[in-house]
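Input: a single structure, listed below in structure tokens.
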Amino acid sequence: MEIQKIVIGLVANDRNQYLISLRQGKQHLAGKWEFPGGKLEAGETPLQGLNRELQEEVGLEVDDAELMERKVFAFSDRTLELHFFRVIRVRGQAVAREGQPLRWASVAELKQLPFPDANQSVIDRL
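The letter at position 30 of the sequence shown is residue 30 when you use UniProt numbering, and the numbering goes up by one with no holes.
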């Protein structure tokens with residue numbers, strides 16, 4: 001089974017709230033909250049993919065980010081290599097460009113909302 005490489009951006013505002021969106025309809029893990037991100041394209045570095053995904057999904061340009069955690073997570077139907085980035089600086093205003101519900105959530109709220117299991121260790125470190 002091929003491993004899909006995924007980049008995920010943890011974007012915080014000045015109130016230490018994190019940008020999250022709700023997975024929709026027929027998506028894998030629909031009904032769970034997630035941090036913005038997505039699949040790497042051929043030839044992209046994780047940082048390039050992070051910048052592209054955040055621009056496409058939420059209209060933000062990444063100026064600076066650092067890798068927080070990299071891990072491989074196996075689901076019953078796929079294996080993902082997840083690259084979690086703490087986004088240090090962005091430009092732009094967050095807008096739901098793909099029609100997904102988007103909101104800012106405190107760390108306490110993140111710990112109460114349903115997230116994919118693969119996100120829990122990162123949420124615990126915030």
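Just so it is clear, CB atoms sit at the ideal spot from N, CA and C, and this is done for glycine as well. Since the model is a prediction, treat every value here as computed from it, not as a measurement.
- A residue is called buried once 16 or more other Cβ atoms fall within 10 Å of its Cβ, and Ala42, having fewer, is exposed.
- Residue Gly59 holds the alpha-carbon nearest to the alpha-carbon of Gly92 among Gly59, Thr79 and Ala30.
- Counting along the chain, the unbroken beta strand (DSSP E) around Gly37 starts and ends at Gly37 to Lys39.
- For Val90, same chain residues with a beta-carbon under 8 Å away, outside a window of 5 residues either side, are Val11, Leu54, Leu60, Glu61, Val62 and Asp63 in chain order.
- Assignment of Gly9 by DSSP, reduced to helix, strand and coil, places it in the strand class.
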